[in-house]
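Engineer: Quick one: the structure is below, questions incoming.
Number of protein chains: 2
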Amino acid sequence: MPTRSAREPERPAKSFRQAQFERREQAILDATNRLLAEKGYEPMAMDDIAAEVGIAKGSLYKHFASKEALAAAVMIRLLRRTREALDALPAEAPAADRLRAMLEWTLRERLDGGVPHLPSTSATLRDALLANREYVDELMALSEMLGDLVRQARSDGALSGDFADEFVLYHFYARACDPTLDFLKAGGALTDDQIVAQMVRAAFDGITR
Amino acid sequence: MPTRSAREPERPAKSFRQAQFERREQAILDATNRLLAEKGYEPMAMDDIAAEVGIAKGSLYKHFASKEALAAAVMIRLLRRTREALDALPAEAPAADRLRAMLEWTLRERLDGGVPHLPSTSATLRDALLANREYVDELMALSEMLGDLVRQARSDGALSGDFADEFVLYHFYARACDPTLDFLKAGGALTDDQIVAQMVRAAFDGITR
DNA sequence: GTCTATAGTCTGATAGAC
DNA sequence: GTCTATCAGACTATAGAC
Chain A
1 MPTRSAREPE RPAKSFRQAQ FERREQAILD ATNRLLAEKG YEPMAMDDIA AEVGIAKGSL
61 YKHFASKEAL AAAVMIRLLR RTREALDALP AEAPAADRLR AMLEWTLRER LDGGVPHLPS
121 TSATLRDALL ANREYVDELM ALSEMLGDLV RQARSDGALS GDFADEFVLY HFYARACDPT
181 LDFLKAGGAL TDDQIVAQMV RAAFDGITR
Chain B
1 MPTRSAREPE RPAKSFRQAQ FERREQAILD ATNRLLAEKG YEPMAMDDIA AEVGIAKGSL
61 YKHFASKEAL AAAVMIRLLR RTREALDALP AEAPAADRLR AMLEWTLRER LDGGVPHLPS
121 TSATLRDALL ANREYVDELM ALSEMLGDLV RQARSDGALS GDFADEFVLY HFYARACDPT
181 LDFLKAGGAL TDDQIVAQMV RAAFDGITR
């Protein structure tokens, strides 16, 4: 019997079945993410997901208890990635610049096709998400971080005085999900870089001279 | 036989039945408008509308061939009212001011609860609307008028130079439907006037100092 | 395969316009 | 009094979660 290499853990290796199971779960999440971005929540049928992954519909329910739970898992993964992107920004940069950078990051993610049409597409999904502890925790953590940036930007004197902090935060979220991006992309008259630049500028500096 | 007064038309007066029919049609449109604004397209069942109006479901189909046709009629009425509001603005005002005024008008309409969650809520509805000649004509007429205002604002030198006209128009539509309004309204921290003022200002002048 | 939801249809009964 | 529009609601068909 050959000795295990140092790379292999002492505890019994995950069984092949187990590894397959986890790979399939990632594949399901990826497919769902793609379909959510493409069609939105309600139009996306569980059959679509099964077909995309290439597994039986019933198998989906071995991984996720319901369509809502599956969508929630996708959204939680997205919030985590967003939070990581925010953490990766240089801490010494002015708060306003970091907010700009986050908006730009999000818009580029969307242009690359990776971001599901926001919960706003479906009241059912929104309610399910707000009932999901893990999702709400992630969302609150992200909102805390963004809220800190807003307050910091204000004390830096970077914001116009009469906007409520609450307003600035909602404004940021709404610009991150702005449908203008999809229309411009579909219109095809502007490059991705132009779309991102104009949207970021409009969000922070307005469109008037 | 008494002579008809001058106020009465020669042709036979509309029968009572006919008048009832038309009143009911308005009631159906009003109820649908309200329900669309409250729940969105798919969650709104025809039974809901019938119940809201207080008529039998079958009677709905005496007025509108389908759920899609009914929703389209509501949206067309909304576009007409919007165009009338635009026509009512003083023609001598600068184009940029008229755009601001239109955005303010729309946001106030939404705060008053009268505007259906945009077509974006449902791909089905969006497709049905785009296949509806009357709707598309109204939408194009409105877009023409707004596009004219944008071009005029640009030649007035009111817009920042590097925004595409196309971008400015989409930006305007997106701000008119901005979910920020609903969040702020639900939050309750700001008055309606504050919400409108901050949103209009953010849309045109940005949030940075 | 089962079950639920809902668009859309149909029918017999009935109120009320004519 | 006659007749027609409307009513209540059963029913069909379909889609989609599970």
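Those sequence lines, one after another, are chains A and B.
Residues 1 to 209 in UniProt numbering are what the first sequence lists, from first letter to last.
Residues 1 to 209 in UniProt numbering are what the second sequence lists, from first letter to last.
The C-beta atom is built at its ideal place from N, Cα and C for all residues, glycine as well.
Mind listing which residues of the segment 156-172 of chain A have their C-beta closer than 7 Å to chain B's C-betas, in chain order?
Structural biologist: G157, A158, L159, S160, F163, A164, E166, F167, V168, Y170, H171
Engineer: Going by beta carbon distance, what residues of the same chain come within less than 6 Å of A85/B, once the five residues before and after it are set aside?
Structural biologist: W105
Engineer: Could you give the distance in angstroms between the alpha-carbon of I207/B and the alpha-carbon of S160/A?
Structural biologist: For I207/B and S160/A, the distance between alpha carbons rounds to 6 Å.
Engineer: When burial is assigned at 16 or more other CB atoms within 10 Å of the CB, is A131/B buried or exposed?
Structural biologist: With fewer than 16 Cβ atoms within 10 Å of its Cβ, A131/B is classed as exposed.
Engineer: Does any CB atom of chain A fall closer than 8 Å to the CB of E68/B?
Structural biologist: no
Engineer: Measure the C-alpha to C-alpha separation of M199/A and F163/B and round it to an integer number of angstroms.
Structural biologist: Cα to Cα, M199/A sits roughly 9 Å from F163/B.
Engineer: Would you call the segment 56-71 of chain B in contact with the segment 27-41 of chain B, where contact means no fewer than 3 C-beta pairs closer than 8 Å?
Structural biologist: yes
Engineer: Beta-carbon of Q198/A versus every beta-carbon of chain B: anything under 8 Å?
Structural biologist: Interface residue, yes.
Engineer: Which residues, taken in chain order from the segment 77-93 of chain B, show a beta carbon closer than 7 Å to some beta carbon of chain A?
Structural biologist: none
Engineer: Quick one: using the 10 Å Cβ neighbour count with 16 as the cut-off for buried, is S122/B buried or exposed?
Structural biologist: buried
Engineer: For V115/A, which residues from the same chain have a beta carbon less than 8 Å from its beta carbon, with the 5 sequence-adjacent residues on both sides left out?
Structural biologist: A37, L78, T106, E109
Engineer: Under 7 Å between beta-carbons, which chain B residues line up against F183/A? List them in chain order, please.
Structural biologist: Y170
Engineer: Name, please, each residue of chain B whose Cβ falls closer than 7 Å to the Cβ of I207/A.
Structural biologist: L159, S160, F163, V168, H171, F204
Engineer: Confirm, please, whether the CB-CB distance from D165/B to R154/B is below 8 Å.
Structural biologist: Taking the C-beta atoms as reference points, D165/B is found nearer than 8 Å to R154/B.
Engineer: Taking a cut of 9 Å between CB atoms, which residues from the segment 140-155 of chain B lie near chain A?
Structural biologist: A153
Engineer: Thinking C-beta only, is A96/A closer than 8 Å to D47/A?
Structural biologist: no
Engineer: Given a threshold of 16 other Cβ atoms within 10 Å of its Cβ, counted over all protein chains shown, does A128/B qualify as buried or as exposed?
Structural biologist: buried
Engineer: Using only alpha-carbon positions, find the residue among Y41/B, Y173/B, I28/B that is nearest to T124/A.
Structural biologist: Y41/B
Engineer: At a CB-CB cut-off below 7 Å, which residues of chain A make contact with P43/B?
Structural biologist: A123
Engineer: With respect to the alpha helix (DSSP H) encompassing R151/A, which residues constitute its N-terminal and C-terminal limits?
Structural biologist: 133-155
Engineer: Would you call the CB atoms of H171/B and A202/A closer than 8 Å?
Structural biologist: Contact flag set, yes.
Engineer: Which residues mark the beginning and the end of the alpha helix (DSSP H) in which L159/B is found?
Structural biologist: Counting along the chain, L159/B falls outside any alpha helix (DSSP H), and DSSP gives it neither H nor E.
Engineer: Check whether chain B comes within 8 Å of L129/A, counting only Cβ atoms and requiring the distance to be less than that.
Structural biologist: no
Engineer: Looking at C-alpha atoms only, which residue of Y135/B, D112/B, D148/B is the closest neighbour of V196/B?
Structural biologist: D112/B
Engineer: List, in order along the chain, the chain A residues whose C-beta lies closer than 8 Å to that of L190/B?
Structural biologist: A164, E166, F167
Engineer: Which term fits A189/A, buried or exposed, when burial requires 16 or more other beta carbons within 10 angstroms of its beta carbon?
Structural biologist: exposed
Engineer: Identify every run of the beta strand (DSSP E) within the UniProt domain "HTH tetR-type" (22-82) of chain A, keeping only runs that are complete inside it and at least 3 residues long; order them along the chain.
Structural biologist: none
Engineer: Grab me the residues of Y135/A's own chain with a C-beta within less than 8 Å of its C-beta, minus the 5 sequence neighbours each way, in chain order.
Structural biologist: Closer than 8 Å at the Cβ level, and outside the excluded window around Y135/A, lie A72, M75, I76, L79, L129.
Engineer: Using three-state DSSP, classify T124/B as helix, strand or coil.
Structural biologist: helix
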